[in-house]
Amino acid sequence: MSATVTPVLERKPQPKPLRPFRVGAGGFLLLGTGHLALAAATALGDPTPQQQASSAAMRESSMTLLGLERSTLDIVQGMSLVMALFVIACGLLALTAVRHAPELVEQRTAFGWIPLVASLVGLAISVLLLPMPPIVVLAVTSCAFALSLRRASGRSPVVASV
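Residue numbers for the sequence shown follow the working numbering, beginning at 158 and rising by one.
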């Protein structure tokens with residue numbers, strides 16, 4: 158009697174979640190550096206009469222918080238630049254972490270959910286208050302982070318016991 162061995166159908170390998178995660182993190186870098194470049198170009202350019210009037214009104218309005226008095230223009234510009242730097246830092250941290258610990262993205266962990274939530278909230282705010290470039294970039298980053306999570310394994314990463 159001879160036995161016939163039937164080859165076992167192998168599953169197709171799952172697409173890796175790292176590439177879309179890197180696209181999302183790169184989008185954060187693009188968003189932050191693009192914002193800084195626009196701020197620099199605006200600062201170096203000649204303001205329109207409307208921009209001059211708006212800046213003058215914002216310089217005249219001020220607030221004091223914890224003993225520091227700042228004009229509305231200083232506050233808006235300062236917050237804008239600081240947030241751009243933080244978006245760049247988040248993108249760089251995400252890319253660095255994935256390079257050194259890809260399992261953070263390959264497994265479905267909070268590391269993958271946090272940038273997705275931040276991207277979606279940023280997208281919602283952008284749709285309400287900002288022009289088209291951040292809307293487009295954050296739509297792409299949101300899709301990329303969501304795809305990364307979709308491709309990630311639902312298993313928890315193995316934790317080494319001490």
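Quick reminder that beta carbons are idealized off the backbone N, C-alpha and C, glycines included.
Item                                                                                                                                                            : Value
According to DSSP, which residues form a beta bridge with LEU250?                                                                                               : Answer by DSSP bridge pairing: none, since LEU250 is not bridged.
How long is the line joining the alpha carbons of SER310 and GLU260, rounded to whole angstroms?                                                                : 10 Å
Could you check what DSSP says for LEU261 in three-state terms: helix, strand or coil?                                                                          : helix
What residue range does the beta strand (DSSP E) around THR221 cover?                                                                                           : 219-222
Since I believe ALA301 is in contact with GLY184 (beta carbons under 8 Å), could you give me their beta-carbon distance rounded to a whole number of angstroms? : 7 Å
Does the region 198-210 come close enough to the region 265-276 to have 3 or more Cβ pairs within less than 8 Å?                                                : no
Here's the rule: buried if 16 or more other CB atoms are within 10 angstroms of the residue's CB, otherwise exposed. What is ALA197?                            : exposed
Three-state secondary structure (DSSP) at LEU225?                                                                                                               : strand
How many angstroms separate the CA atom of ARG307 from the CA atom of PRO174?                                                                                   : 8 Å
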